Amino acid sequence: MGTLRKFRVNEIVLLADEILRRDEWSLAIIRECLPDEDGLVRTVKVRTAAGETLRDIRRICNLEEEEAESTGNPSSGGILRVGEGGTVSHAERLVVNLLSHT
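Put into C-alpha cells, the structure is as follows:
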C-alpha cells in the first residue's frame, strides 16, 4: 500500500486522464471529500470549468506538497485563504477566480 494522500476542500488539483497528455489535464477545485464506509476518502466531488463531477482520488494529482503550505506573504509565494478553511498558493489565485466565474 502506498503513501496516503490527503485532500482538502478548496484545494486545486489536476484531473488525470490516461487518454490525454499531462499538459492537457483539467484543473479542478475539490468541493467535497466523500468518506466511504471505512471512513477513508476515496472519492471527491470536484468542480471544473465544465461543471461538477465525482472523481476517484487515484485519478487526481496534487499541485502542491502539503509541507509547502504555510502561511506567508502572498507576494512571496505564501498561502491565501479561499473560502471555508481551504488554501491555495498565490500563483493559483487566478485559477480559482477563473473557475469561480464559470
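FYI, in the UniProt record's numbering the residues of the sequence shown are 1 to 102.
Built from N, CA and C at the ideal position, the CB exists for glycine as well.
Since the structure is predicted, the reported quantities are computational estimates derived from the model, not experimental observations.
- Residue pairing by DSSP puts E32 in a beta bridge opposite K45.
- Assignment of I60 by DSSP, reduced to helix, strand and coil, places it in the strand class.
- For R22, the three-state secondary structure derived from DSSP is helix.
- Comparing alpha-carbon positions, the option among D36, A50, A28 lying closest to R59 turns out to be A28.
- In the DSSP assignment, V13 falls within the unbroken beta strand (DSSP E) covering 12–15.
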